[in-house]
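Novice: Questions regarding the structure given below will be posed in turn.
Below you can see the structure in the form of structure tokens.
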């Protein structure tokens with residue numbers, strides 16, 4: 037009986053290469069210099085490099101050389117290789133790389149450790165993996181922890197074949213290496229769409245060899261070629277090293293029939309196939325099984341081969357394939373010498389053989405998920421029992437955060453379904469996942485077409501509408517969508533799907549706000565909300581009322597929000613809805629709490645993809661309540677995470693917060709820089725609210741500079757229906773600014789008209805912020821007999837919630853008092869205004885308050901810059917967390933950074949502030965932690 041391979045058997049000797057390492061690297065001086073530069077600077081900080089090129093161009097050879105040079109320099113090397121047959125195994129590639137570091141997993145934070153272990157199949161705790169980012173954070177922690185001892189080079193070959201989960205984790209890690217001695221080197225085949233890293237990620241395309249280098253490689257490989265064959269091979273290989281190595285080994289195959297006219301990749305596959313055809317039957321079957329298998333175990337491959345051949349297969353059956361230079365082999369792994377070898381062998385097999393191979397693998401593989409994949413591949417026609425097992429596998433994949441895998445599994449389950457209804461249901465489930473989480477409109481449409489939903493199935497039609505709606509930016513101006521959504525709301529409601537109807541109605545309400553819907557359309561949405569019979573304090577109802585009629589429904593929404601404000605929400609999505617509703621009506625003081633709770637819950641669950649939107653809204657509310665430090669912090673993080681996660685809209689929205697903050701602080705150059713970047717990168721997407729928020733920034737900046745006519749021109753765009761900045765839902769945000777600009781540039785009548793319009797559109801019970809703005813505007817327009825009453829009315833208790841607005845009221849009141857020849861009375865409000873503006877850092881208004889105070893007979897010292905104001909928003913954020921006693925690792929986990937990156941920022945904090953220890957942080961940044969009052 038033939039000998040079976042055991043783990044105790046010595047490995048077979050590998051075939052020696054016919055080309056020396058130095059020769060195979062001929063012509064790669066540029067690439068080697070780039071690798072050397074990255075490795076030589078690794079102690080100064082990490083980086084990521086993506087090298088791409090055609091199949092056979094030498095990417096793997098470069099990675100091998102990088103591995104050799106790294107080890108010679110004392111750098112730890114971690115390796116991973118993508119395999120096409122494993123793309124359906126979540127985290128398969130990642131597990132390869134982290135295997136040497138898993139002993140350190142016990143030191144991870146509990147949630148990170150549970151996530152990572154469950155991702156690798158060690159645990160199956162349903163609550164352990166709420167999001168793939170926990171796995172990514174655990175990976176980052178392991179890598180940076182390992183790099184504390186020795187620098188690390190992480191090599192990723194054939195990265196185009198990594199599963200989606202592994203790609204996401206690698207991309208997450210690559211953006212956080214700048215402070216760590218870690219270099220990531222990925223090789224990707226050209227022609228694959230491989231989004232990775234960010235704008236700073238290094239990328240290099242490996243070109244074909246030059247004529248001289250190609251000739252030298254060919255001469256070393258095949259020195260006996262005639263001059264005619266040599267010329268033809270050089271021409272046909274076109275500088276591709278693999279072609280130069282392989283074509284001469286099969287001269288006849290290279291000139292067989294029309295093969296020479298095939299693309300180079302296909303010609304190489306034919307070369308490999310011709311080599312396979314000469315092998316013994318058992319060896320050919322071993323190769324076919326290995327090509328179809330999603331594992332590399334030689335023993336597993338041999339067992340499956342025995343099932344197909346119904347006979348014994350010995351370890352010696354691998355030897356001919358090794359001699360033919362098709363595979364590399366040892367006791368633990370079978371590796372194809374090149375991915376083209378694998379694809380050539382698999383494509384050459386007929387359909388019946390492939391089915392037999394997959395069926396054999398399904399009988400001997402122990403892993404449940406892998407076994408199911410092979411059972412499905414071996415099945416022709418429907419199999420409802422197998423489809424149901426795939427449903428369970430999709431549930432497991434969802435728990436592991438691998439949404440792309442869920443979609444793929446459900447597609448297989450749909451193919452196995454025996455009824456149209458079951459097939460449609462599974463494809464619609466896949467479409468819902470794709471719409472919400474993947475951002476792949478092409479895939480979404482493919483799934484929806486496959487579902488074949490017709491008009492008679494009203495519920496399915498509504499689900500299709502929801503998928504298409506949720507995959508789009510609701511903030512894009514498109515009034516026609518609202519009525520279509522309303523029809524689908526009715527369809528879903530009639531079918532008894534109240535949650536779906538409610539969600540569709542929320543989207544219709546949001547579109548009312550961003551598309552400047554007519555009063556009739558808005559009334560229709562509110563009427564539908566009444567028919568859906570929401571509970572009194574349902575977050576969706578509150579959001580609908582706010583989005584549709586922020587002024588007219590503002591009082592009712594405010595009352596509902598107040599009722600909920602003392603409760604713990606505990607749900608990130610509900611917190612976001614309530615916080616957004618609060619912001620829309622101007623209840624920023626209530627919105628801050630809801631949004632902070634949503635923020636905390638998202639971080640707890642590591643749902644990073646949803647954070648940028650919440651951070652933007654939270655930043656705006658903090659700006660309005662006077663916490664400009666918090667607003668800058670949230671806006672900065674929203675931009676960073678938005679760009680990382682593909683939430684570009686919310687990154688752009690956060691930039692408008694930065695523009696408004698810069699304007700209020702008197703930095704007009706920085707304000708305009710932020711505004712210009714938003715216009716360059718985001719306005720063309722059709723998002724309607726961004727231009728309005730930018731005009732607010734430009735308007736307030738011009739007011740601070742004393743250019744009131746310019747401010748008026750900026751702000752009036754929000755009220756011009758033909759203007760791109762026109763915004764029915766955001767107009768009243770500009771109320772105080774518009775009135776002030778209008779009054780001081782001689783356009784008082786325009787200011788009066790706006791106040792009258794706002795009062796007509798508002799509910800009898802006004803939201804305090806709106807009421808305070810109206811008082812401010814009326815006071816500026818009032819006669820001398822009425823002005824003081826209106827100023828004092830505006831300075832009532834509610835104004836304390838809006839420090840910047842309160843400061844402007846105090847400034848206006850003090851200015852009015854002084855001009856009424858009451859300088860002694862003017863000093864108190866002017867002094868208070870000065871102190872508020874100083875605390876905020878609103879320099880233009882601070883300067884004006886000092887001027888007015890001096891004119892009233894009281895001198896003021898110049899404002900002294902606080903030490904913490906020299907810090908960037910991210911540095912200040914880290915300093916604040918460190919002052920709470922949190923360690924670098926805990927801070928890193930909270931901010932999705934490595935502990936080394938946290939340490940890097942803290943070093944800058946200490947350098948800028950002159951502090952020498954963490955214990956001194958509290959005293960320096962204490963003032964930054966308190967909003968101006």
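In this note's numbering, the protein residues as written are 37 to 969.
We put the beta carbon where it would ideally sit given N, CA and C, even for glycine.
It should be emphasised that the depicted structure is a prediction, and the values quoted were computed from it without experimental measurement.
1) Three-state secondary structure (DSSP) at residue 221?
2) Cα-Cα, which of 939, 893, 519 is closest to residue 911?
3) Taking Cβ to Cβ, would you say residue 805 is nearer than 8 Å to residue 843?
4) From 630, 815, 798, pick the residue whose C-alpha is nearest to that of residue 586; which is it?
5) Return the chain-ordered list of same chain residues with a C-beta closer than 7 Å to the C-beta of residue 82, the five sequence neighbours on each side being excluded.
6) With a Cβ-Cβ cutoff of 8 Å, do residue 209 and residue 67 count as a contact?
7) Check the C-beta distance from residue 687 over to residue 733 and give it rounded, since I have them as a contact under 8 Å.
8) Taking contact to mean at least 3 C-beta pairs separated by less than 8 Å, is the region 447–466 in contact with the region 422–435?
9) Measure the alpha-carbon distance for residue 555 versus residue 769 and round it to whole angstroms.
10) So residue 75 and residue 106 are supposed to be a Cβ contact under 8 Å. How far apart are they, rounded?
11) Would you decide whether residue 289 is buried or exposed? Buried here means 16 or more other CB atoms lie within 10 Å of its CB.
12) What does DSSP give as the partner residues of residue 94 in its beta bridges?
13) Just to confirm the assignment, what range does the alpha helix (DSSP H) spanning residue 422 have?
14) Find out if the Cβ-Cβ distance for the pair residue 195, residue 89 is shorter than 8 Å.
15) Excluding the 5 residues preceding and the 5 following residue 111 in the sequence, name in chain order all residues of the same chain whose CB lies nearer than 6 Å to its CB.
16) Going by beta-carbon coordinates alone, are residue 441 and residue 710 separated by less than 8 Å?
17) Hey, residue 776 and residue 816: beta-carbon distance below 8 Å or not?
18) Could you check which residue in 874, 833, 761 has the C-alpha nearest to that of residue 552?
19) In whole angstroms, give me the CA-to-CA distance for residue 723 and residue 113.
20) Does the region 611–628 come into contact with the region 576–595, if we say contact requires no fewer than three beta-carbon pairs (one atom in each stretch) closer than 8 Å?
21) By DSSP, does residue 907 sit in helix, in strand, or in coil?
22) State yes or no: is the C-beta of residue 677 within less than 8 Å of the C-beta of residue 644?
23) Could you tell me which of 476, 524, 379 sits nearest to residue 491, measuring between CA atoms?
24) Excluding the 5 residues preceding and the 5 following residue 697 in the sequence, name in chain order all residues of the same chain whose CB lies nearer than 7 Å to its CB.
25) Which of helix, strand or coil does DSSP assign to residue 192?
26) Note the first and the last residue of the continuous beta strand (DSSP E) segment covering residue 112.
27) Give the list of continuous beta strand (DSSP E) stretches no shorter than 3 residues that lie fully inside the region 908–948.
28) Using a Cβ distance threshold of 8 Å, determine whether the region 598–616 contacts the region 631–644, with at least three qualifying pairs required.
29) Sort 342, 569, 718, 458 by Cα distance to residue 509 and report the nearest one.
30) Which residue from 626, 691, 489 puts its Cα closest to that of residue 649?
31) Determine the burial state of residue 253: buried for a count of at least 16 other Cβ atoms within 10 Å of its Cβ, exposed for fewer.
32) So, is residue 78 buried or exposed, given that buried needs 16 or more other C-beta atoms within 10 angstroms?
33) At which residues does the beta strand (DSSP E) containing residue 88 begin and terminate?
34) In the DSSP assignment, what are the bridge partners of residue 241?
35) Could you please give the first and the last residue of the uninterrupted alpha helix (DSSP H) stretch that includes residue 578?
36) What residues are listed by DSSP as bridge partners for residue 363?
Specialist: To lay it out plainly:
1) Three-state DSSP puts residue 221 in a strand.
2) Sorting 939, 893, 519 by C-alpha distance to the C-alpha of residue 911 places 939 at the top.
3) Taking 8 Å as the cut-off, the beta carbon of residue 805 is found no closer than this to the beta carbon of residue 843.
4) Minimum Cα distance to residue 586 is reached at 798.
5) Taken in chain order, the residues that qualify are 213, 214, 216, 217, 218, 219.
6) No, the pair does not count as a contact, with Cβ atoms beyond the cut-off.
7) Actually they do not touch by this definition, with Cβ atoms about 16 Å apart.
8) The region 447–466 is in contact with the region 422–435.
9) Each residue's alpha carbon lies about 20 Å from the other.
10) Yes, they are in contact, since the Cβ atoms of residue 75 and residue 106 sit about 6 Å apart, within 8 Å.
11) Model confidence at residue 289 stands at a pLDDT of 45, short of 50, so the residue's coordinates are unreliable; what they give is reported in the following sentence. Residue 289 is classed as buried because its beta carbon has at least 16 other beta carbons within 10 Å across all chains shown.
12) Within the DSSP bridge table, the entry for residue 94 names no partner.
13) Looking at the DSSP string, the run of the alpha helix (DSSP H) that includes residue 422 is 420–435.
14) Contact flag unset, no.
15) In chain order, 187, 189 place their CB closer than 6 Å to the CB of residue 111, counting only its own chain and leaving out the 5 sequence neighbours on each side.
16) Between residue 441 and residue 710, the CB-CB gap reaches or exceeds 8 Å.
17) Residue 816 sits close to residue 776, with the two beta carbons spaced by under 8 Å.
18) Ranking 874, 833, 761 by Cα distance to residue 552 puts 761 first.
19) Taking the Cα positions, residue 723 is about 46 Å away from residue 113.
20) The region 611–628, when compared against the region 576–595, does touch it at the 8 Å Cβ threshold.
21) DSSP places residue 907 outside both helix and strand once states are collapsed to three, so it counts as coil.
22) Taking 8 Å as the cut-off, the beta carbon of residue 677 is found closer than this to the beta carbon of residue 644.
23) Checked all of 476, 524, 379; the closest Cα to residue 491 is 524.
24) If we look at residue 697 and ignore the five residues flanking it on each side, its Cβ neighbours are 659, 664, 667, 668.
25) Of the three classes helix, strand and coil, the one that applies to residue 192 here is strand, per DSSP.
26) Residue 112 -> beta strand (DSSP E) spans 112–117.
27) Taken in chain order, no unbroken stretch of beta strand (DSSP E) lies wholly in the region 908–948 with a span of 3 residues or more.
28) Between the region 598–616 and the region 631–644 there are three or more inter-stretch CB-CB distances shorter than 8 Å, so the stretches are counted as touching.
29) Residue 509 has its Cα closest to that of 718, out of 342, 569, 718, 458.
30) Of the listed residues, the one whose Cα sits closest to residue 649 is 691.
31) Burial check for residue 253: the Cβ neighbour count within 10 Å reaches 16 or more, so the residue is buried.
32) Buried, since its Cβ has 16 or more Cβ neighbours within 10 Å.
33) Looking at the DSSP string, the run of the beta strand (DSSP E) that includes residue 88 is 83–89.
34) Residue pairing by DSSP places residue 241 opposite 88 in a beta bridge.
35) That run of the alpha helix (DSSP H) goes 575–584.
36) Paired residue(s): 372.
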